[in-house]
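S.K.:
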Ligand SMILES: Cc1cc2nc3c(=O)[nH]c(=O)nc-3n(C[C@H](O)[C@H](O)[C@H](O)COP(=O)(O)OP(=O)(O)OC[C@H]3O[C@@H](n4cnc5c(N)ncnc54)[C@H](O)[C@@H]3O)c2cc1C
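In our numbering, the protein residues as written are 213 to 526.
#1: Extract the residue ranges of the beta strand (DSSP E) inside the stretch 327–410, only unbroken runs of 3 or more that lie entirely within it.
#2: Among the residues of its own chain, which have a CB less than 7 Å from the CB of residue 484, if the five just before and after it don't count?
#3: Which residues bound the beta strand (DSSP E) around residue 238?
#4: Is residue 382 near ligand 1, judged by its Cβ being under 7 Å from some heavy atom?
#5: List the residues that DSSP assigns as beta-bridge partners of residue 489.
#6: Here's the rule I'm using: 16 or more other beta-carbon atoms within 10 Å means buried, otherwise exposed. How should residue 225 be labelled?
#7: For residue 272 and chain B, any beta-carbon pair shorter than 8 Å?
#8: Pairing CB atoms from the stretch 369–388 with CB atoms from the stretch 324–337, are three or more of them under 8 Å?
#9: Please specify which runs of the alpha helix (DSSP H), each continuous and at least 4 residues long, are wholly inside the stretch 259–331, giving them in chain order.
#10: When you compare only the Cα positions, how much space is there between residue 382 and residue 408?
#11: Can you give me the start and stop residues for the beta strand (DSSP E) that residue 214 sits inside?
#12: Can you check DSSP and say which residues form a bridge with residue 413?
#13: Enumerate in chain order the residues of its own chain whose CB-to-CB distance from residue 219 is below 6 Å, with the five nearest sequence positions on each side excluded.
#14: Mind checking residue 469: buried by the 16 CB within 10 Å criterion, or exposed?
#15: I'd like to know if the stretch 291–306 and the stretch 244–254 are in contact, where contact means that at least 3 CB-CB pairs between them fall below 8 Å.
#16: With a floor of 4 residues, list each alpha helix (DSSP H) that falls wholly inside the stretch 426–470, ordered by position along the chain.
#17: Pick from 505, 410 and 355: whose alpha carbon is nearest that of residue 397?
#18: Buried or exposed: which applies to residue 222, given that a residue is buried once 16 or more other Cβ atoms fall within 10 Å of its Cβ?
#19: May I ask which residues mark the beginning and end of the beta strand (DSSP E) holding residue 254?
#20: Are residue 358 and residue 283 closer than 8 Å when you measure CB to CB?
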């Protein structure tokens, strides 16, 4: 099998590593340098297991293991989210990758929000993010501050460095949300060592069809492997693993079905977030037990006080 991967982000670069001993693989990447626009949070257990399969010791890249995840002041025990040096990990992988053209049997669209190869999504939903790296002397927890249309975050990167950012319907609203979070938690202004704007796809895989088109297979954010709360790193790795298994076992016809089955939890999270955005708070509250179950496995222990957070969302 000859495979051409487009996009050497977290999904594409991992797919290359999974396939390189089994197929002829080439990667095409539009950027000269690794795209580091992400808060660098990831589900630890999943990342460790998946990177272990390609001989990467994920612990070498972990920056911080926050104890608490705090949303609008409500404290939850963080069970599984760590921050990692995503830029270094991808830069190390780029040393291994063969950036070349291959006369391919299949092409992979791992181009994230660009979705450069697959046909456009009819009702796409793209949110806008702003983010900076700043120094703060705060306890290393994950801080979030949400409203119905988006949320701001502060992710510890170790050595007093923090990713401070937000995502919302447009860049102005995202920047405004960052300011609200600063006031709420007391993250005062500090010198920024880095600032970026980016986009994130807010649709689950079932709404990102086609997932497969002719000989093009979508992976990662290109096909909506991002949770309703913006978690796309581990899902993109998981998605790449599903495609690699299908390629290696000659089961490509199973790919779309497996993606949809594996990411049912993402569908549930998006429904929950949509309820909040449309101010259907009762409907959101009814979904809370399911969300708590998902989050308990993936990230934090959602406790009862989250119901008051949902009721109070503006
Ligand atoms: C500000 C921000 C913060 C985030 N924070 C988190 C977080 O803390 N935790 C988490 O889990 N998720 C987070 N996410 C989401 C997560 O970063 C993405 O979902 C994830 O990176 C998607 O992986 P991917 O491999 O599908 O795409 P990407 O990692 O975006 O990679 C796509 C690659 O394709 C390349 N490309 C684009 N167009 C072309 C083209 N035409 N040809 C060739 N190459 C192309 C790009 O340059 C890029 O290298 C965040 C997103 C944003 C924007």
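Beta carbons are placed, not taken as given, at the ideal position from N, Cα and C, and that holds for glycine. From a predicted model like this one, the values you see are computed outputs, not experimental measurements.
M.R.: A quick look at the data gives this:
#1: 338–347, 354–359, 362–368 and 373–380
#2: Along the chain shown, read from residue 1 onward, the residue named residue 484 stands at position 272. Hits under 7 Å: 440, 496, 499 and 503.
#3: Locating residue 238 in the chain shown gives position 26, counting from the first residue. Its beta strand (DSSP E) spans residues 236–240.
#4: By 1-based counting over the chain shown, the position of residue 382 is 170. The answer is no for residue 382.
#5: One-based indexing of the chain shown puts residue 489 at position 277. Answer is none; residue 489 lacks a bridge partner.
#6: Numbered from its first residue, the chain shown carries residue 225 at position 13. Under this definition residue 225 is a buried residue.
#7: The structure shown contains no chain B; it holds only a single protein chain.
#8: no
#9: 298–308
#10: Along the chain shown, read from residue 1 onward, the residue named residue 382 stands at position 170. Along the chain shown, read from residue 1 onward, the residue named residue 408 stands at position 196. Answer to the nearest angstrom: the Cα atoms are 14 Å apart.
#11: Locating residue 214 in the chain shown gives position 2, where the first residue counts as 1. Taken as a continuous stretch (DSSP letters only), the beta strand (DSSP E) holding residue 214 covers 214–218.
#12: The residue given as residue 413 occupies position 201 in the chain shown. Paired residues: 338.
#13: Position 7 of the chain shown, counted from the first residue, corresponds to residue 219. For residue 219, where only same-chain residues beyond five positions count, the Cβ hits under 6 Å are 322 and 323.
#14: The residue you call residue 469 lines up with position 257 of the chain shown. Exposed, since its Cβ has fewer than 16 Cβ neighbours within 10 Å.
#15: yes
#16: 445–460
#17: Working through the chain shown from its first residue, we reach residue 397 at position 185. Comparing Cα positions, the closest option is 355.
#18: Counted from its first residue, the chain shown places residue 222 at position 10. It is buried - the Cβ of residue 222 has at least 16 other Cβ atoms within 10 Å.
#19: Stepping through the chain shown from its first residue, residue 254 is reached at position 42. Looking at the DSSP string, the run of the beta strand (DSSP E) that includes residue 254 is 253–255.
#20: Taking the first residue of the chain shown as position 1, residue 358 is located at position 146. Taking the first residue of the chain shown as position 1, residue 283 is located at position 71. Yes.
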